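Q: First, the structure itself, so that you have it in front of you.
Residue numbers (our numbering), protein chains in the order written: chain A, 6 to 483; chain B, 116 to 202; chain C, 1207 to 1525; chain D, 484 to 578; chain E, 8 to 101.
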């Protein structure tokens, strides 16, 4: 059962090395290892569902002296999302990068990013988390700069510096915790940590670092240019997965490790920033001229919703009510992951076919690229939160929890954010469904269109209809 | 003897302080590079003394590395790249 | 008496380190900043030695004083002479708002440092701060090496090191993806050339020594790899294009060697029914040396490639 | 903590603050990269101060190992940042 | 006896270090400062190293110390040469 834990890290890392050494068969390697990773993620989810949280002590050393890998319902669900989104994006990328030389550079970095994502989700050790954060940051930056265009390199450099700043702050927190408690193991720390200056300062520093990485308003300034100028499959996973990995860590720290330390005031602060992100991100998305920038700002907004949950979860007593709300949060994160990845992939198709992604000039797109337009529409359904998308379920829980705890402000924010989302989505669709002749030769490539479509379908239909399983998995896997 | 070593270490630290003034004052990169060179040599001497003072002979290896790499900075500073063909 | 003098020494050393950092970061002139930063790195190596951390001091000496310095000085070659970046203000004049913002940031940084320092005062003397150090000491006999830092890096926390080698690999692949290597250096004069003639073999020898000695004394793959890389940097600075770095496929193998060997050993043990990366105690010493050798080669190849700033072109005019 | 530990730990905090401030405020790219390295050195100094146990006592090896890992990660990141910066200066924005 | 000699050598080493640093600070131009640095600095380290080797009386460490001295000597001479040449080239350009 614990073999899946090893496989999730060892498979992509081995594949990265092989892709580096054997560039000719790299594409086949990626597809093959992608299937194996997905199978491992499913196995892990199954294991967690039947046996509860799993852990594996690397090298056979007890956690503390050594490093432990851990997985529970939350991480297993997210790992499966990572596997599915990465796999779909891999299929897409095999067609997106036309030249063999481009693919030779792309695949090893791509697999290293995959390694980093899996390793981060599985890590049960504070310093190991720092290393995975750096691996994630560096591979994401290298991929974001891959096009070599001036804007992309500039955005990637800023992304790198911000990321390094974030990891440094995280590392200070780790050092402080080691000074105070002489352990790096998360499970041990959860038991021994006591309210006091050490825990507060460490949590503040680490959270600050992670908020930079997850681009919470007003620390989001680096995200739109970086996500907006990367190659499409890279943008997709940056927006859908990479920022969410940092968010996952915030969630872990606040709800698990430091659960006894966090105060409602601090959680309210996160909520306020989340509200700012929802409003500002949605507004900027509405004003964006380019599709990719629109999608990037929408990511800023969608991350904001996730932070609205913090004051609600803290106000609910631990128990079923809180678990139900947590499920809503996970649902929101999952749907956004699938929908945003699909949206970026679809936008990539538009950009490649028409040479630009100006929203004003999309007229008639639906005639030439019906499937792609349909994928964008489906992603829109999920981003707005219309039923039957998973977002609908997530926002439903958000609003219920807000009403139950009497925090009406968040209800208003959610409502305004959803209206703005509807406005920016219909702005795209309004142009795309226009009946002027589409000026570009557009040949649809199945390897590009289907991943986008399947991802958005997952977000709107699968998650919405099979949503109850998410709650069960979270409960069984705790 | 350890007393003497401690005094000399401290003396070296003062001498290094003077070098710091030059590295701050310059003028120009050449002078600063020179002062950096002095700081490196003084660092080597201090590490040797510390290795005895703290009973940590591995610090001699650190001094060795610093000594071996002492010329790298000056070479990288003065070295000039050929006109690049492909840029 | 000695303790007091050491305390004064500490104070002066730290004042120099902080002063250098301050001056390096306050300057607008890139050359000045870089040279001050190199001196800063030299003093850090002394400080690590002073705090009885010779392993770290070795790495700082090799990487900080040697490689990072060379990297930064090479960067000056393409840097605009004076500072010029997104903002091209020679003497920055700030509006009231900007001044306010600068003060706010400064205050926040100070508050952060103050908070950190204050929390340090709250550390319980009673907590078992030696718990992990004792655990290392208790298990060191089973680790295959007697240098505790090497035991932590390559056995107890080997997984960290595996991922760290992956970080190095990622960085160099990212650099390769950005385009061709920097232009080589002009052939150096006779003085420096004659220096390299004996410095290079000596550096290679020292690297081997550090690798070997790492099992029981300060040293190990990183220090050795950085020293080996310094040999490559010296040759490059002397104007050689052939600096022992393999090309094409062989280079890719060298870059991946560290991660590869680590994975190979880890997975082989796993297949044999041991934990992932769990060496049998009888074999631990040998396996660690094997991994370290591969890691040293990978680190050296990576750092030299990073210094060159791109993939060496396959077939160039002079070979 | 010992006086020596205090001295170095506080200096580590100071270096961290200095680096953070310049990383946020310095107009030039190269100095911002240096600033992040200074920050890193501050954290490393804090960790090594924590590991120190006084003269003649063996220090805690774990922070030393962490710092070694941190140094290698820092040099990787610095190299990548410099390569990106070089690429930026090589081609000005007209593509 | 050897310890007294060692102490004297080490103190002499410190003296030359001091002299070198003061020279670096007080001498008027780059070239004279170069001399102050290379002569006094390397001489200082040399005396110090002989003193330490005498004190330790361990041939292996003595060998290592000698190697360090040679390396610093060579590096000092080379760097001085490089920096001087660099400065001269600069002056010609102006």
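Think of the CB as a built atom: it goes at the ideal place given N, C-alpha and C, for glycine as much as any other residue. As the structure is a computational prediction, the values presented were derived from the model and not from experiment.
Using CA coordinates, which residue listed in D:499, D:568 and D:573 is at the minimum distance from residue 161 (chain A)?
A: Taking the first residue of the first chain as position 1, residue 161 (chain A) is located at position 156. Considering only alpha carbons, the answer is D:568.
Q: According to the neighbour-count rule (16 or more other Cβ atoms, all chains shown, within 10 Å of its Cβ), is residue 187 (chain B) buried or exposed?
A: Translated into the one-based positions of the second chain, residue 187 (chain B) becomes position 72. With 16 or more Cβ atoms within 10 Å of its Cβ, residue 187 (chain B) is classed as buried.
Q: Using DSSP bridges, identify the partner residues of residue 363 (chain A).
A: For the purposes of this step, residue 363 (chain A) is taken as the residue at position 358 of the first chain. Per DSSP, A:295.
Q: Does the separation of the CB atoms of residue 1231 (chain C) and residue 517 (chain D) fall below 8 Å?
A: Position 25 of the third chain, counting from 1, holds the residue named residue 1231 (chain C). Position 34 of the fourth chain, counting from 1, holds the residue named residue 517 (chain D). Against a cut-off of 8 Å, the Cβ pair of residue 517 (chain D) and residue 1231 (chain C) comes out as a contact.
Q: Verify the CB distance criterion: does residue 1324 (chain C) have a CB-CB separation below 8 Å to chain A?
A: Position 118 of the third chain, counted from the first residue, corresponds to residue 1324 (chain C). Yes, residue 1324 (chain C) counts as interfacial toward chain A.
Q: If we count the other Cβ atoms within 10 Å of its Cβ and call it buried at 16 or more, is residue 62 (chain E) buried or exposed?
A: Residue numbering aside, residue 62 (chain E) sits at position 55 when the fifth chain is read from its first letter. Classification of residue 62 (chain E): buried, given that the 10 Å Cβ count is 16 or more.
Q: Is the beta carbon of residue 235 (chain A) less than 8 Å from the beta carbon of residue 148 (chain A)?
A: Position 230 of the first chain, counted from the first residue, corresponds to residue 235 (chain A). Position 143 of the first chain, counted from the first residue, corresponds to residue 148 (chain A). Yes, the Cβ-Cβ distance between residue 235 (chain A) and residue 148 (chain A) is below 8 Å.
Q: If you run the structure through DSSP and keep just helix, strand and coil, what is residue 1352 (chain C)?
A: Sequence index remark: in the third chain, residue 1352 (chain C) carries index 146 (1-based). Here residue 1352 (chain C) sits in coil by DSSP.
Q: Checking contacts by CB at 8 Å: is residue 1216 (chain C) closer than that to chain A?
A: In the third chain, the residue the question calls residue 1216 (chain C) occupies position 10. So, not an interface residue.
Q: Taking contact to mean at least 3 C-beta pairs separated by less than 8 Å, is the stretch 49 to 67 of chain A in contact with the stretch 313 to 323 of chain A?
A: Because the criterion of three Cβ pairs below 8 Å is not met, the stretch 49 to 67 of chain A and the stretch 313 to 323 of chain A do not touch.
Q: By the criterion of Cβ-Cβ separation under 8 Å, what are the contact partners of residue 161 (chain B) in chain C?
A: For the purposes of this step, residue 161 (chain B) is identified with residue 46 of the second chain, where counting begins at 1. In chain order: 1252.
Q: Taking residue 75 (chain A) as part of the beta strand (DSSP E), name the residues at either end of that continuous run.
A: Taking the first chain and counting its residues from 1, the one referred to as residue 75 (chain A) is at position 70. First-last of the beta strand (DSSP E) with residue 75 (chain A): 73 to 76.
Q: Check each candidate in A:170, A:240, A:318 and A:469 and name the one with the smallest Cα separation from residue 150 (chain A).
A: For the purposes of this step, residue 150 (chain A) is identified with residue 145 of the first chain, where counting begins at 1. Nearest of A:170, A:240, A:318 and A:469 to residue 150 (chain A), Cα basis: A:240.
Q: Report the start-end ranges of each beta strand (DSSP E) in the stretch 58 to 124 of chain A that is 3 residues or longer and not cut off at the edges.
A: Counting whole runs of 3 or more residues, the stretch 58 to 124 of chain A contains the beta strand (DSSP E) stretches 59 to 62 and 73 to 76.
Q: 8 Å is my cut-off, CB to CB: does residue 485 (chain D) come that close to chain C?
A: Residue mapping note: residue 485 (chain D) aligns to position 2 of the fourth chain, counting from 1. No, no contact with chain C.
Q: For residue 522 (chain D), go through chain A and note every residue whose CB falls closer than 8 Å to its CB, in chain order.
A: Here residue 522 (chain D) refers to the residue found at position 39 when the fourth chain is read from its first residue. Ordered by position in chain A, the residues that pass the 8 Å Cβ test against residue 522 (chain D) are 170 and 173.
Q: Using DSSP bridges, identify the partner residues of residue 1391 (chain C).
A: The residue labelled residue 1391 (chain C) in the question sits at position 185 within the third chain. For residue 1391 (chain C), which the question treats as bridged, DSSP gives the partners B:196.
Q: Select from the stretch 129 to 150 of chain B all residues with a C-beta closer than 7 Å to any C-beta belonging to chain E, and list them in chain order.
A: Against chain E - using a Cβ distance shorter than 7 Å - the residues of the stretch 129 to 150 of chain B are 130, 133, 134, 136, 137, 145, 146, 148, 149 and 150.
Q: Let me make sure I understand the geometry here. Which of D:539, D:503 and D:547 has the alpha-carbon closest to that of residue 1317 (chain C)?
A: By one-based count along the third chain, residue 1317 (chain C) stands at place 111. It is D:503.
Q: Run the CB neighbour count on residue 390 (chain A), radius 10 Å, all protein chains shown included, and call it buried at 16 or more, exposed below.
A: Along the first chain, read from residue 1 onward, the residue named residue 390 (chain A) stands at position 385. Its Cβ being crowded by 16 or more others within 10 Å, residue 390 (chain A) is buried.
Q: Are the Cβ atoms of residue 306 (chain A) and residue 461 (chain A) separated by less than 8 Å?
A: One-based indexing of the first chain puts residue 306 (chain A) at position 301. One-based indexing of the first chain puts residue 461 (chain A) at position 456. No, they are not a contact pair.
Q: Between which residues of its own chain and residue 168 (chain B) is the CB-CB distance below 7 Å, once the five residues before and five after are set aside?
A: Counting from one through the second chain, the residue named residue 168 (chain B) turns up at place 53. Cβ neighbours of residue 168 (chain B) beyond the five flanking positions: 117, 120, 121 and 124.
Q: Could you round the C-beta distance between residue 15 (chain A) and residue 1470 (chain C) to whole angstroms and report it? I think they count as a contact, below 8 Å.
A: Walking along the first chain from the start, residue 15 (chain A) turns up at place 10. Walking along the third chain from the start, residue 1470 (chain C) turns up at place 264. With a Cβ gap of about 11 Å, residue 15 (chain A) and residue 1470 (chain C) do not count as contacting.
Q: Need the endpoints of the alpha helix (DSSP H) that residue 1308 (chain C) sits in, please.
A: As a working mapping, residue 1308 (chain C) is identified with position 102 in the third chain. Run containing residue 1308 (chain C): 1302 to 1327, per the alpha helix (DSSP H) assignment.
Q: For residue 570 (chain D), return the contacting residues in chain A, with the cut-off set at a CB-CB distance below 8 Å.
A: Within the fourth chain, the letter at position 87 stands for residue 570 (chain D). Ordered by position in chain A, the residues that pass the 8 Å Cβ test against residue 570 (chain D) are 150, 153 and 158.
Q: Kindly confirm or deny that the stretch 183 to 197 of chain B and the stretch 83 to 98 of chain E touch, where touching means at least three C-beta pairs closer than 8 Å.
A: Yes: the two stretches touch, three or more of their Cβ pairs being nearer than 8 Å.
Q: For the alpha helix (DSSP H) containing residue 1266 (chain C), name the first residue and the last one.
A: Taking the third chain and counting its residues from 1, the one referred to as residue 1266 (chain C) is at position 60. It is not in any alpha helix (DSSP H) - residue 1266 (chain C) carries neither H nor E in the DSSP assignment.
Q: Can you give the Cα-Cα distance for residue 1294 (chain C) and residue 512 (chain D), rounded to whole angstroms?
A: Taking the first residue of the third chain as position 1, residue 1294 (chain C) is located at position 88. Taking the first residue of the fourth chain as position 1, residue 512 (chain D) is located at position 29. Bear in mind that the predicted position of residue 1294 (chain C) carries a pLDDT of just 46, short of 50, making it too unreliable to give a figure here.
Q: Taking 8 Å as the CB-CB limit, is residue 123 (chain B) close to chain E?
A: In the second chain, counting from the first residue as 1, residue 123 (chain B) sits at position 8. Taking Cβ atoms only, chain E reaches closer than 8 Å to residue 123 (chain B), which makes this a yes.
Q: Residue 178 (chain B) touches chain E at which residues, Cβ-Cβ below 7 Å?
A: Within the second chain, residue 178 (chain B) is the residue found at index 63, counting from 1. 75, listed in chain order.
Q: Need the endpoints of the alpha helix (DSSP H) that residue 1441 (chain C) sits in, please.
A: Locating residue 1441 (chain C) in the third chain gives position 235, counting from the first residue. Taken as a continuous stretch (DSSP letters only), the alpha helix (DSSP H) holding residue 1441 (chain C) covers 1427 to 1443.
Q: Taking only beta-carbon positions, decide if residue 82 (chain E) is within less than 8 Å of chain B.
A: The residue given as residue 82 (chain E) occupies position 75 in the fifth chain. Chain B contact via Cβ: present.
Q: Leaving aside the five residues before and after residue 1270 (chain C) along the sequence, list all residues of the same chain whose C-beta is less than 7 Å from its C-beta, in chain order.
A: Taking the third chain and counting its residues from 1, the one referred to as residue 1270 (chain C) is at position 64. Hits under 7 Å: 1247, 1250 and 1251.
Q: If we cut at 8 Å on Cβ distances, does residue 1364 (chain C) have a partner in chain A?
A: Position 158 of the third chain, counting from 1, holds the residue named residue 1364 (chain C). Taking Cβ atoms only, chain A reaches closer than 8 Å to residue 1364 (chain C), which makes this a yes.
Q: Less than 8 Å between the beta carbons of residue 56 (chain A) and residue 77 (chain A), yes or no?
A: Position 51 of the first chain holds residue 56 (chain A). Position 72 of the first chain holds residue 77 (chain A). Cβ atoms of residue 56 (chain A) and residue 77 (chain A): not closer than 8 Å.
Q: Within this structure, are the beta carbons of residue 130 (chain A) and residue 191 (chain A) separated by less than 8 Å?
A: As a first step, residue 130 (chain A) must be located in the first chain, where it is residue number 125. As a first step, residue 191 (chain A) must be located in the first chain, where it is residue number 186. Yes, Cβ-Cβ distance for residue 130 (chain A) and residue 191 (chain A) is below 8 Å.
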